[in-house]
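Asker:
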Amino acid sequence: MTALLSVRGLKTHFPVRAGALRRTVGQIRAVDGVDLDIMPGETLGLVGESGCGKSTLGRSILRLIEPTAGQVIFDGIDVATLDARRMKAIRRDLQIIFQDPVGSLNPRMHVGDIVGEGLHANGVRSRAERDHRIKEILAAVGLDASAAGRFPHEFSGGQRQRIGIARALVLRPKLIVADEPVSALDVSVQSQVLNLLAALRQQFSLTYLFVAHDLAVVDYMSDRVAVMYLGRVVEVGTARQIRTNPLHPYTRALLSAVPGRERQRIVLSGEVPSPLTPPSGCRFRTRCPMAQEICARVEPALDAHPSGARVACHLSH
Ligand code: SF4
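Mapping the sequence shown onto the working numbering, position 270 (from 1) lands on 273, and the numbers just tick up by one.
#1: If you run the structure through DSSP and keep just helix, strand and coil, what is T280?
#2: Can you check the region 158-192 for any alpha helix (DSSP H) of at least 4 residues that lies completely inside it and give the ranges in chain order?
#3: Going by beta carbon distance, what residues of the same chain come within less than 8 Å of R136, once the five residues before and after it are set aside?
#4: What does the alpha-carbon distance come out to for the pair E132 and L212?
#5: Can we count R288 as close to ligand 1, meaning its CB is less than 7 Å from some heavy atom?
#6: For R313, write down the residues that DSSP places opposite it in a beta bridge.
#7: Exposed or buried, which one is H251 when buried takes at least 16 other CB atoms within 10 Å?
#8: Can you tell me where the alpha helix (DSSP H) holding R88 begins and where it ends?
#9: What span of residues does the beta strand (DSSP E) with I68 cover, start to end?
#10: How about A171 and L141: are their beta carbons less than 8 Å apart?
#11: Tell me the DSSP secondary structure of P292 in three-state form.
#12: Would you list the one or two residues that DSSP bridges to I76?
#13: If contact is defined by three or more beta carbon pairs under 8 Å, each pair taking one atom from either stretch, is the region 185-197 in contact with the region 4-24?
#14: Taking 7 Å as the line, does the beta carbon of Q205 fall inside it for any heavy atom of ligand 1?
#15: What are the boundary residues of the alpha helix (DSSP H) that V220 is part of?
#16: Short check: CB of R11 to CB of G73, under 8 Å?
#17: If you compare alpha carbons, which of D38, M4 and V105 is closest to T15?
#18: Name the DSSP bridge partner or partners of R32?
#19: Pick from V144, P43 and G56: whose alpha carbon is nearest that of Y359?
#20: For ligand 1, is there any heavy atom lying closer than 7 Å to the beta carbon of L233?
#21: Please confirm whether any heavy atom of ligand 1 lies closer than 7 Å to the CB of C3.
#22: I99 lies in the beta strand (DSSP E); which residues open and close that run?
#23: Roughly how many angstroms separate the alpha carbons of I2 and V220, rounded to a whole number?
#24: From this set, T59, P278 and V239, which residue's C-alpha is nearest I68's C-alpha?
#25: Taking 7 Å as the limit between beta carbons, can you name the residues of its chain near S208, skipping five residues before and five after?
#26: Cα separation between V314 and M293?
#27: Within 8 Å (strictly less), CB to CB, does L108 reach chain B?
#28: Where does T247 land, buried or exposed, given buried means 16+ other C-beta within 10 angstroms?
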């Protein structure tokens with residue numbers, strides 16, 4: 004099967020400027036050479052601590068942030084090279100659900116106009132046709148048709164996220180980047196929104212890149228999981244393999260922090276290093292309980308493991 008999305012060597016660096024002349028004095032390497040594949044109909048979870056580059060990666064794939072280098076092959080087309088006109092045409096197939104359901108919805112627009120904006124921008128000129136599709140998608144996310152005539156502030160956090168999901172879905176995209184879609188919600192409504200996303204995946208034959216810092220949430224939603232640390236993917240495997248046989252020391256530490264696991268908690272020392280000056284060799288070495296002398300000299304590649312996973316660690320092969 005051919006991947007719906009293939010990311011190759013993707014880098015997104017942000018220049019750091021200083022002085023009166025605003026000279027570039029360094030680069031924040033938020034995403035620093037990522038390879039990923041997502042199959043049609045698959046949910047790939049992307050997990051890592053805050054600041055690891057996972058949200059920047061999701062947004063770079065959609066070109067909401069311009070990547071510095073690399074390829075983003077979507078449905079056979081390298082979207083990283085498209086001009087604005089062709090990118091606009093392909094964007095209907097590539098949508099995003101944002102973390103913050105309050106900040107991402109214009110408070111002065113009716114919900115119907117928020118959800119229908121994409122339809123108008125993509126040439127659905129008939130008001131009746133737009134209204135019909137808005138009503139249909141509101142029903143699919145569990146909202147009454149009357150929601151179209153109300154403002155975002157009239158809804159709860161969970162309902163606002165449903166509006167954000169409706170906006171992402173109304174153009175019937177192929178791939179959705181769900182960027183921490185439940186982390187701003189009360190725990191009591193998180194599972195409802197996760198179950199809705201899972202049901203919509205079936206109903207609309209969606210493919211998800213599901214970005215979250217919570218490994219338990221990612222495990223629940225995903226077929227495969229990619230673990231990210233300081234701008235690089237350090238392990239990719241099936242959700243089951245990551246859950247039962249994590250190979251990378253960082254994945255093991257993340258897993259040990261999931262409540263209810265019997266594994267002994269692995270507490271990582273120190274902070275995540277700055278992506279401005281990542282450590283030499285393995286980027287995890289400054290916090291890794293297993294680090295050896297080679298880890299400072301040689302950066303481990305994301306190599307295939309006999310289990311079928313891919314892992315970037317000198318000691319995991
Ligand atoms: Fe730890 Fe070395 Fe493996 Fe990096 S390569 S995760 S420092 S053992």
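For each residue, glycine too, the CB sits at the ideal point set by N, CA and C. These numbers were taken from a predicted model, which means no experiment stands behind them.
Answerer: On the basis of the supplied data:
#1: Numbered from 1 along the sequence shown, position 277 holds the residue referred to as residue 280. Of the three classes helix, strand and coil, the one that applies to T280 here is coil, per DSSP.
#2: 160-172
#3: Here residue 136 corresponds to residue number 133 of the sequence shown, with the count starting at 1. Closer than 8 Å at Cβ, skipping near neighbours: G119, L122, V127 and V173.
#4: Counting from one through the sequence shown, the residue named residue 132 turns up at place 129. Counting from one through the sequence shown, the residue named residue 212 turns up at place 209. Cα to Cα, the separation comes out at about 30 Å.
#5: Working through the sequence shown from its first residue, we reach residue 288 at position 285. Within the cutoff, so yes.
#6: Here residue 313 refers to the residue found at position 310 of the sequence shown. Answer is V239 and A307, bridged to R313.
#7: Here residue 251 refers to the residue found at position 248 when the sequence shown is read from its first residue. Buried is the call here.
#8: Within the sequence shown, numbered from 1, the residue matching residue 88 stands at position 85. Looking at the DSSP string, the run of the alpha helix (DSSP H) that includes R88 is A87 to R94.
#9: Position 65 of the sequence shown, counting from 1, holds the residue named residue 68. Premise fails: I68 is in no beta strand (DSSP E) and is neither H nor E.
#10: As a first step, residue 171 is located in the sequence shown; it is residue number 168 there, counting from the start. As a first step, residue 141 is located in the sequence shown; it is residue number 138 there, counting from the start. No; because the gap between Cβ atoms is not below 8 Å, this pair is not in contact.
#11: Position 289 of the sequence shown holds residue 292. Coil.
#12: On the sequence shown, residue 76 is found 73 positions in, with the first residue counted as 1. According to DSSP, I76 bridges with S9 and D81.
#13: For the pair of segments examined, the region 4-24 was found not to touch the region 185-197: the number of CB pairs separated by less than 8 Å stays below three.
#14: For the purposes of this step, residue 205 is identified with residue 202 of the sequence shown, where counting begins at 1. Incorrect: Q205 has no Cβ contact closer than 7 Å to ligand 1.
#15: Start at 1 with the first residue of the sequence shown, and residue 220 comes out as number 217. Start and end: L218 to M224.
#16: In the sequence shown, counting from the first residue as 1, residue 11 sits at position 8. In the sequence shown, counting from the first residue as 1, residue 73 sits at position 70. Their beta carbons are under 8 Å apart, which means R11 touches G73 by this criterion.
#17: Position 12 of the sequence shown, counting from 1, holds the residue named residue 15. Ranking D38, M4 and V105 by Cα distance to T15 puts D38 first.
#18: Taking the first residue of the sequence shown as position 1, residue 32 is located at position 29. Looking at the DSSP assignment, R32 forms a beta bridge with H16.
#19: Given a span of 4 to 320 for the chain in the structure shown, any question on residue 359 remains unanswerable.
#20: Within the sequence shown, the letter at position 230 stands for residue 233. Outside the cutoff, so no.
#21: Residue 3 lies beyond the range of the chain shown here (4 to 320); nothing can be said about it.
#22: Within the sequence shown, the letter at position 96 stands for residue 99. Where I99 is concerned, the enclosing beta strand (DSSP E) stretches over L97 to I100.
#23: Coverage of the chain is limited to positions 4 through 320, which leaves residue 2 absent and any answer about it impossible.
#24: In the sequence shown, residue 68 corresponds to position 65, counting from 1. The shortest C-alpha separation from I68 is found at T59.
#25: By 1-based counting over the sequence shown, the position of residue 208 is 205. Cβ neighbours of S208 beyond the five flanking positions: G44.
#26: Translated into positions along the sequence shown, residue 314 becomes position 311. Translated into positions along the sequence shown, residue 293 becomes position 290. Computed Cα separation, rounded: 15 Å.
#27: Here there is only one protein chain, and chain B is not present.
#28: On the sequence shown, residue 247 is found 244 positions in, with the first residue counted as 1. T247 comes out exposed.
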